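Heads up: the structure comes next, in structure tokens.
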């Protein structure tokens, strides 16, 4: 993807233009954009050296487009080219396009992966929409005449072009239903959609009289010039090998009002926590039950691809198959990435970056090429190399890194399936074997395995049983068919598990040898909340499991109905339940689920896709957008929590022997406070508009709190005003030392938020990603709970204690935490209704009694059984 | 030509010019406010103050190293159009002196011409566009004519010719830069770029002779 540089006299102008243009495309598709603008925040001017740096920062073999405002910007840009390495300068184009219009057009087209020359032309045409619109307004007579001419020269008469079959054009009609018509944002979506297909797609007005001049749907300037307003009907015509697919996709996009309906709908209930909406609605049907419990026949997936039937060709053929397979898998993964970003989330989508990176890694490709050259089949060459690479991963010391071997295996399965498909397709020419081709068609692994599993595998919904779950499989499982997932191994933090959980699919991990007796079709049931697994349960057990699922569903239904009501215990204690948020979409869904604001905005995820640090203004706008999505309820912004397992692209860190004990969170900024202070400035700006809380992660002692508060004061003073009055300031308590010093740490604060995930790993000295230590990484361990209790007891009376770790999302744990003195729980969005509902059904005195019992317990398992009994007691009473 | 120009002399030139610019911030800005964006004085002052501090803080091995540094400093500190224009002038001026052992009149003349050619390339200005080139062009001619009489005479002639060129810009119609947006209204105002260019040559005449 090309890079883009904006050269302007004014830094705020450049930043605002970038923000405006960035809104046009998904953050995942955003090209790299750098600015070289102003001499500093306030002084107008341009600097050729800064332009050269900016070009260098976004450079790639695809080239760089430079957009300039005026005067010295043009000269500075030209001069910058003289500073650059001639080889680099050769792939830079300075555009004479109008800055804002050109940038918007360029960003949209660049996001589709278009070449530099195409983007430059599109940017140049950026004025067309404005010119056309204003000419239209000024000279209606001329315009009409022009219109008539255009209609007359319209080359092919699409009026009668309902799907003709001779491979010519096909067309459909769509309605424009959006209030603002086909304006820039939906137009951008349409453009990036149609560019994905091997088809040329055009649009024409149908609304009055004969079709108007046709606009190229792949050109933003042309689509925007179409001036399609609400109520207009458009004729969409496509030619090319994927013409029908392109039209189907356009129809689908139009039926969703180009994705505009969700953002503008007044009722706000866009996320259905039950995920039970009818089939056909792609976006919301991709949610599992979210009930953590399932029962049904096992769909055992053998993740090994059977390559015994592969028919190797001669060397050249194998080399070609290998290249084609890499291309096909990369294409499929890219599509999957985009789909995952849209349906599930950015963080989950980025998992596929690792897979894609493998596919372009010369360290992999070169040995494979060499292997084929000396006479191995493509399959042998790939298997050999990937096995070597997998072994390298498995030998790593770091457990989290080690689990990345799943990425390698996932890529291997896709590649082998693709090669098998290619082999079968070649064989098809001689011996027709349509079945093999069809079976290999779904490289998800799931369909292949289920269809090929014999024993009449998939009849209705079932539970997928896998050795381990990779992200690609998790993202593509059909939740209509898969009601639950059980893994043999792989830990609870693998990418696949993260994706499955965020899709609401019940999951039980690390079932190990308990699965040995499970065959295709064996009935299994499990409860992810208690860790129970039933294999071949008898009828009575199945009935009980079904009853429990139904009961959870009922509870869920009641919980959802009452989600907007506050969580007040029977004896009148109000517990605030907020949502953890990583995007505006999360905030929208959280609000729909009844969240009372956000107790944790993960900024390192929110801006995690960016390659350069987001500007103060970009951050401010994002924060305000999240607050607005939360209906103006308070949002708690956590400052950059990077390091450990969460690196940021724009904040490279040196390797550390022990990153979880290294420069994580707040610590990282002691040596380079700039990025933190920028963020705090954005926090202050947002706090002047809407209720905001800010908290610092990874604090270990009071001195760090003082330093953080200094940074905050410094950030506030940049805008010439103090720290906003309404801004509540807190820290995360996730280090035992901080918990033990909670009184002193919280002395000058408004709140603390306990991050139970890290507090647990640091208390137990057991890394949370290490599958071998899952038995130790238990947030319900009495030692962890005692620290929670200590924090609640030690902080000054006015300081609120919140919990934002995973444990808060479980309704029973939520009661326990309330009993220990926690007054705010920030949970995953879909858990809000049930957490609130559980709190309403208990009393604080009951919760406190539970808390006392838990603190006396000897092990996490004992605490869990206390909670299970709470569950069963209540179910019995209900 | 017995006496060659030294690094010290070049530094004196630039410092003298920086002082002149500083003393004339108001004049340059006023000229620019009539037909431009009222920043020529402050931009040049900021840029050449930075140049002076660079000169004070560093030793240079050769004139081309010194002028390269000066050019880059201007590029990054002036901000307006004079940044790349003066920046290019000094970068090219320095490059022309690369490998030159002793800078005499002829070498100085070549360097000035190279610098001005850089300005023309950068700004794409032509004669009578009402730009600094209208001061530079006659100055170069005058320099060459007087060159046989030595550096002092050549620079004095160049400065005088630049002043005449500068004065002639008053009646011109601006065709480049922000002033060109004013069209006919730009007539009657002296061009600020031609004014500062003249000052640069006057400073040279005073220090490099």
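Protein chains in written order, with my numbering: chain V, 1 to 878; chain D, 1 to 209.
C-beta atoms are modelled at their ideal positions from N, C-alpha and C, and glycine is treated no differently.
Fair warning: this is a prediction, and the values are worked out from it, not measured in the lab.
{"Asked": "Endpoints, the beta strand (DSSP E) within which residue 525 of chain V is located", "Found": "523-527"}
{"Asked": "Close beta carbons around residue 768 of chain V, own chain, < 8 Å, minus the five adjacent residues each side", "Found": "493, 757, 758, 760, 761, 777"}
{"Asked": "Counted within 10 angstroms of its Cβ, other Cβ atoms place residue 361 of chain V as buried (16 or more) or exposed", "Found": "exposed"}
{"Asked": "Sufficient close CB pairs (3 or more, under 8 Å) joining the stretch 158-171 of chain D to the stretch 851-861 of chain V", "Found": "no"}
{"Asked": "Distance between residue 70 of chain V and residue 93 of chain D (C-alpha atoms, nearest Å)", "Found": "26 Å"}
{"Asked": "Contact list for the stretch 121-137 of chain D against chain V, Cβ threshold 7 Å", "Found": "122, 123"}
{"Asked": "Check whether residue 215 of chain V and residue 202 of chain V have beta carbons under 8 Å apart", "Found": "yes"}
{"Asked": "Contact under 8 Å by Cβ, residue 82 of chain D with residue 163 of chain D", "Found": "no"}
{"Asked": "Cβ of residue 695 of chain V within 8 Å of any chain C Cβ", "Found": "Note that chain C does not occur in the displayed structure, where the protein chains are V and D."}
{"Asked": "C-beta contact flag for residue 71 of chain D and residue 59 of chain D at 8 Å", "Found": "no"}
{"Asked": "Cβ-based burial, residue 374 of chain V [other Cβ within 10 Å; buried from 16]", "Found": "exposed"}
{"Asked": "Coil, strand or helix - residue 741 of chain V by DSSP", "Found": "coil"}
{"Asked": "Residue 720 of chain V classed as buried or exposed, judged by whether at least 16 other C-beta atoms fall within 10 angstroms", "Found": "exposed"}
{"Asked": "C-beta contact flag for residue 804 of chain V and residue 580 of chain V at 8 Å", "Found": "yes"}
{"Asked": "For residue 735 of chain V and residue 690 of chain V, the rounded distance between their alpha carbons", "Found": "30 Å"}
{"Asked": "Residue range of the unbroken alpha helix (DSSP H) whose run includes residue 107 of chain D", "Found": "105-123"}
{"Asked": "CA nearest to the CA of residue 40 of chain V, picked from D/78, D/189, D/9", "Found": "D/78"}
{"Asked": "Assigned exposure category for residue 387 of chain V - 16 Cβ within 10 Å defines buried", "Found": "exposed"}
{"Asked": "Members of the stretch 43-65 of chain V near chain D, C-beta cut-off 9 Å", "Found": "43, 44, 45, 46, 47, 48, 49, 50"}
{"Asked": "DSSP state of residue 578 of chain V mapped onto helix, strand, coil", "Found": "strand"}
{"Asked": "Selected residue, minimal CA-CA separation from residue 332 of chain V, among V/197, V/464, V/252, V/250", "Found": "V/197"}
{"Asked": "is_contact[residue 39 of chain V, chain D] using C-beta, thresh 8 Å", "Found": "yes"}
{"Asked": "Cβ of residue 88 of chain D within 8 Å of any chain V Cβ", "Found": "yes"}
{"Asked": "Runs of alpha helix (DSSP H) lying entirely within the stretch 73-112 of chain V, each at least 4 residues, in chain order", "Found": "86-89, 99-111"}
{"Asked": "Distance between residue 800 of chain V and residue 449 of chain V (C-alpha atoms, nearest Å)", "Found": "Confidence at residue 449 of chain V is low in this model, with a pLDDT of 34, below 50, so the placement of that residue should be treated as unreliable; the coordinate-derived value is given next. Their Cα atoms are separated by approximately 52 Å."}
{"Asked": "Cross-chain neighbours of residue 178 of chain D in chain V, by beta carbon under 7 Å", "Found": "71"}
{"Asked": "Sub-8 Å separation of residue 686 of chain V and residue 606 of chain V beta-carbons", "Found": "no"}
{"Asked": "Which of helix, strand or coil DSSP assigns to residue 4 of chain V", "Found": "strand"}
{"Asked": "Identified DSSP bridge partners for residue 693 of chain V", "Found": "V/636, V/728"}
{"Asked": "Any chain D beta carbon closer than 8 Å to residue 76 of chain V", "Found": "yes"}
{"Asked": "Span separating the alpha-carbon of residue 219 of chain V from that of residue 102 of chain V", "Found": "13 Å"}
{"Asked": "Proximal residues, the stretch 74-103 of chain V versus chain D, C-beta separation under 8 Å", "Found": "75, 76, 78, 79"}
{"Asked": "Residues in the stretch 76-87 of chain D having any Cβ partner in chain V nearer than 9 Å", "Found": "76, 77, 78, 79, 80, 81, 82, 83, 84, 85, 87"}
{"Asked": "Proximal residues of chain V, C-beta to C-beta of residue 72 of chain D below 7 Å", "Found": "49"}
{"Asked": "Close beta carbons around residue 702 of chain V, own chain, < 6 Å, minus the five adjacent residues each side", "Found": "744, 745"}
{"Asked": "Buried or exposed by the 16-neighbour rule on C-beta atoms within 10 Å, applied to residue 602 of chain V", "Found": "buried"}
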